[in-house]
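A short write-up of the structure that comes next.
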Amino acid sequence: MPEPTSLIFVVDDEASVRAAICNLLESVGLRSEVFASTEDFLNASRPEVPSCLVLDVKLPGMSGLEFQEVLRKSNVQIPIIFITAHGDVPTVKRAMKAGAVEFLTKPFKKKDLLAAIHQSLERDRARRDEETAISELSSRFGSLSAREREVMELVTAGLLNKQIAGQLGLSEVTVKLHRRHIMEKMQAASLVELVRMFDRLKPRIRS
Amino acid sequence: MELLTNPIESSQKGSVASCQRYWIAGLTVASALGITLLLQHLFPYPFLFLFFGAVMVSAWFGGTAVGLTAVLLSTLAVDYFFVPPFHSFVINATAEAYFASFVFCTLIASWVSSSKKKSELELREARDQLEIRVAERTDELRKSNLELQESERRLRLLTEVIPQQIWSGTPDGSIDYCNQQLLEYTGRILDEMRGELFLDSIHPSDRDRFHLAWLHARSCETPFEGEWRVRGHDGKFRWFFTRCVPLRSSDGKTVRWYGTNTDIEEHHNAKEALLKTQSELARLSQSLSLGELTVSIAHEVRQPLAAAVTHGEACLEWLNADPPNLERVRESVRRFIEDGTRAGDVLARIRALFQKEAPAKTWFDMNQLIEELVAFFRDEAGRRGILIRTQLDHGLPNVEADRVQLRQVLLNLALNAMDSLTNTPEGEKEVVIRTEQENDMEILVSVEDSGSGLTPKTSEEIFEPFFTTKPHGIGMGLSISRSIIEAHDGRLWATPRPSGGSAFHFSIPVQLEKPDA
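Read top to bottom, the protein sequences are chains A and B. Sequential numbering from 8 applies to the first sequence in our numbering. Sequential numbering from 11 applies to the second sequence in our numbering.
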């Protein structure tokens, strides 16, 4: 199952482990990039493809868990799979609470690692798709005039044309005209689809 | 007479007094003369007895000189009035004998009277002096009595106000005095402490220990001391330190016992807390270091192991590819071998680390080592109600071994023995440490307990690493102990104890000490 459009990052200070993971991923057709430290990972350029991070817990300097926190704060949304030579319950709990996909103890099984990687890539891909869709919708929403946006807000709130006309001080005919333009510009096939689009856009509009 | 006793009186006063005294002679003789002249008519012969009286009175009150004066005056008066020829101082030859006997009699009377008076005065003087002496003595006695009372009162006050409990006992150990503190603390009266009734106040777990120490002290007549719990009137026990000394008579026999009890509850608690903290700390640091070591070893081994496993998995994938990527298969296998070898190297390094600790052998006395350890344990054992006994063969030769390592083995065995007694009823908890010379070649040390004992199966299993019956044990003690003893060419084994419980034995070979050249 080759996935040339995805990329797996591996951060482990142990060279043999890095090389082994790299070898395994390559053997199943996954592209990977390995780093000896978190700094190296941060300094590298990351292509905009579905990706995930295989992160060692025990690292020199900043630990894997601390690095997870740093990434969350700087809004780097990348799924993390932890690997460790000794996993104690509190560490696992903390990592999973902070949103880690999986926590594997060395030596781990191939199928566990690959399953976690596929799950992570799937999660990242979905996130990326959602982001792409929303930014497309935002640009469509951006092409609307100020009046059209007002009308759209009231339409999606479930008001009738007559009510909208009354509220905005327009004629019913004008409102109908605006509605048609909105449907065209937003590429919505039905009122239901428009409402759904508006719901997804809401967080962006507010901010 | 006064002149006689006080001869150094002023002459003027003396002469006045003596002049007055001479009047007595004149007065009495004149009275005697008058009365005799009056009575003369009643008797047909001279009636002269009153003159004797005058002389005696004068001599009595005036002294010898006045008496003689009275004799002289009487003689003159009798000569003049009553010796023929009358009214003349001339004496007829016929009356001479009569007159002379009269003079003689008056002289005798004067002498008798004055010497009688003198002796009476001397007697009075002596009595007066005696009385003064007695009065002085009585006064002294009263004073010393007061001082004695005062000092006794102070001493009693002292025994009542000092915080210590004080008691005394007869040579047979019966208590016959307790100060107020002791009675107040125990809430008992003196009669309830007599004999050995006070033993009731000692904590049951400490009673035998106390009783033994007390009996031993009494039989050897040596001071004894120790710490035990004593029950207060509220039923609660507090720790006391008792010190007791015998008072000996001049011939060396014990006549009384004097003892004090000092409340050391706070001190004891503090000590206990400190000990507990120390032992917890020791256990913690031990388990920490062992835990850390384990984690560290696991980490060191797991890294190459994980890499090897992962290369193996990758290798399978490369083989499964169509067509198989043999170049990558070869590469993976090469890496696999590398990482596997590295894991082995890590283990070899760790082994080398432990092998560095070779025994540092010295010559020492095994019995002495055991006695040191027992002293170290005694308190802890007392707290847990365990009796530790030793049966040491004092003819043991010295052994050549690593003292620190053997101490660790003994410590381990003794701690295990004490831990095995947790469920043994009070009063039956006992640990016995025994030494004996097995033969010319080795000595044998046994640590026995009256605990729950071992089954034949467990008596071998217990020496396996990580085997433990304790909830918090790690199961390394006996395994390490056995490897220490084996490093000394000895043996460590366990047997059930015939009377119940278990016994651990180890043998250490002995050689004759090198003849020091």
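Ideal Cβ positions, reconstructed from N, Cα and C, are used throughout, including at glycine.
- The C-beta distance from G179/B to I172/B rounds to 19 Å, too long to fall under 8 Å, and the pair is not in contact.
- Here P97/A is exposed, its C-beta having fewer than 16 other C-beta atoms within 10 Å.
- In this structure, F57/B and Q50/B form a Cβ contact; the two beta carbons are roughly 6 Å apart against a cut-off of 8 Å.
- About 6 Å separates the Cβ atoms of S39/A and V17/A, confirming a contact at the 8 Å cut-off.
- At a cut-off of 8 Å, the C-beta of L31/A has a neighbouring C-beta in chain B.
- Judged by DSSP in its simplified three-state form, F250/B adopts strand.
- When W267/B, F208/B, M203/B are compared, the shortest CA-CA separation from P233/B is found for W267/B.
- Its chain contains Q175 as the residues whose beta carbon lies nearer than 6 Å to that of Q191/B, once the 5 sequence neighbours on both sides are disregarded; these appear in chain order.
- Sequence-distant Cβ neighbours of L66/A in its own chain, meaning closer than 6 Å and more than five residues away, are D20.
- Not one beta carbon of chain A lies nearer than 8 Å to the beta carbon of A358/B.
- When C-beta atoms of the stretch 501-520 of chain B are compared with those of the stretch 457-474 of chain B, three or more pairs fall below 8 Å, so the two segments count as touching.
- Here Y55/B is exposed: its Cβ has fewer than 16 other Cβ atoms, across all protein chains shown, within 10 Å.
- Taking a Cβ-Cβ threshold of 8 Å, the residues of chain B close to A92/A are A308, H309, R312, Q313, A316, in chain order.
- For the 8 Å CB-CB criterion, I88/A and E109/A form a contact.
- Chain-ordered, the chain A residues with CB closer than 9 Å to the CB of V319/B read A27, K113, P114, F115, K116, K117.
- Annotation: M204/A to I347/B spans about 57 Å, alpha carbon to alpha carbon.
- The DSSP-derived three-state label of P210/A is helix.
- Interface annotation, S211/B: not in contact with chain A, CB-CB separation never under 8 Å.
- Of the candidates H97/B, F71/B, T169/B, S111/B, the residue whose Cα lies closest to the Cα of S125/B is F71/B.
- A distance below 8 Å between beta-carbons, with the five flanking residues on each side excluded, links R79/A to the following residues of its chain, in chain order: A105, G106.
- For A140/A, the enclosing alpha helix (DSSP H) begins and ends at 117-149.
- Between L406/B and the set L425/B, W373/B, R417/B, L336/B, the nearest pair of CA atoms involves W373/B.
- When D244/B, E231/B, D273/B are compared, the shortest CA-CA separation from W238/B is found for D273/B.
- Boundaries of the alpha helix (DSSP H) around E146/B: 106-171.
- About 47 Å separates the Cβ atoms of F112/B and V144/B, ruling out a contact at the 8 Å cut-off.
- Closer than 8 Å to the CB of E21/A there is at least one CB belonging to chain B.
- CA-CA distance, L168/B to Y187/B, rounds to 15 Å.
- About 41 Å separates the beta carbons of A140/A and A317/B, which is beyond the 8 Å limit, so they are not a contact pair.
- For S34/A, the nearest beta carbon of chain B is closer than 8 Å to its own beta carbon.
- Annotation: Cβ neighbours of V24/A in chain B (cutoff 8 Å, chain order): Q313, A316, A317, T320.
- Around the beta carbon of P435/B, fewer than 16 other beta carbons sit within 10 angstroms, so the residue counts as exposed.
- In the three-state DSSP reduction, L397/B falls in the strand class (E or B).
- Checking the DSSP bridge columns, you'll see I185/B partnered with G179/B.
- Per DSSP, reduced to three states, the secondary structure at S152/A is coil, with no helix or strand assignment.
- In the three-state DSSP reduction, Q447/B falls in the strand class (E or B).
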